[in-house]
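Number of protein chains: 2
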Amino acid sequence: MKVQNVMEIVVKDVIEKYKKELNMSCTCDHCMNDVLAMTLNNLSPQYIVDEANSAYIRAIHQADRQGATAILTKVAWAAGVVAENPRCENVKNPSNE
Amino acid sequence: MKVQNVMEIVVKDVIEKYKKELNMSCTCDHCMNDVLAMTLNNLSPQYIVDEANSAYIRAIHQADRQGATAILTKVAWAAGVVAENPRCENVKNPSNE
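Protein chains in written order, with full-length UniProt numbering: chain F, 1 to 97; chain V, 1 to 97.
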């Protein structure tokens, strides 16, 4: 069985677009995956069967200013949580300083 | 970026386990994907970053009788909707008979 949550694409687009503005101390794959997973866990999924529709739904999200702002707000929240509690090895644990 | 919604695995398990009991007129890939997508759109996602954890979370769901029943209820609902309105070619449209 093969389905896809279009919100994965939409949130990845938002994270890539605003990566710099998120001001994260670490932007390694692990940290960015944590931001993506946390954001997706706070959004209603939008699963589709026909991959052909994903470009169409992605475009709808890009045109939807209000929706995009809501997603960016959740990405910024997740980025804040991850920046405070990085699980990756790159960033020395702030509390040990 | 690579994340996974563990609910995809959990729901696939439930669909495979109860496929016969769902009494669907058509069980082609397209119809089963429609059931999977509709069910997932009605469940809170559970995205993880470390794939190693998916087996662990899957086991939690299998042990969680109440949770499994809730998922089965949603799968049965989705199967009913898909059986009523199959989008695949295999089943002649019931309303034309």
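Here a beta-carbon is modelled for each residue, glycine too, at the ideal position from N, C-alpha and C.
Have a look at the DSSP bridge pairing and note the partners of residue i.
| i | result |
| --- | --- |
| Tyr47/V | Asn5/V |
Look up residue i in the DSSP assignment and say whether it is helix, strand or coil.
| i | result |
| --- | --- |
| Asp13/V | helix |
| Leu22/V | coil |
| residue 99/V | An answer regarding residue 99/V cannot be provided, because it is not within the stretch 1 to 97 covered by chain V. |
| Cys88/F | coil |
| Asp64/F | coil |
| Asn42/V | coil |
| Ala83/F | helix |
Just to confirm, are residue i and residue j a CB contact at a threshold of 8 Å?
| i | j | result |
| --- | --- | --- |
| Ile9/F | Ser54/F | yes |
| Leu36/V | Ile15/V | yes |
| Leu22/V | Ala76/V | yes |
| Asp29/F | Arg87/F | no |
| Met24/F | Val82/F | yes |
| Arg65/F | Val6/F | no |
Compare the Cα-Cα distances from residue i to each of the options and report the closest residue.
| i | options | result |
| --- | --- | --- |
| Gln4/V | Gln66/V, Lys74/V, Tyr47/V and Val82/V | Tyr47/V |
| Asp50/V | Glu84/F, Met32/F, Val81/F and Lys20/F | Met32/F |
| Val11/V | Asn90/V, Met1/V, Lys2/V and Ala79/V | Ala79/V |
In chain order, what residues of the segment 39-72 of chain F put their CB closer than 7 Å to some CB of chain V? Leu40, Asn41, Pro45, Gln46, Tyr47, Ile48 and Val49
Fill in: Interface residues of the segment 70-90 of chain V facing chain F [CB-CB below 7 Å]
none
| request: Can you give me, in chain order, the residues of the segment 5-37 of chain F that have a beta carbon less than 8 Å from any beta carbon in chain V? | output: Asn5, Glu8, Lys12, Ile15, Asp29, His30, Met32, Asn33, Asp34, Leu36 and Ala37
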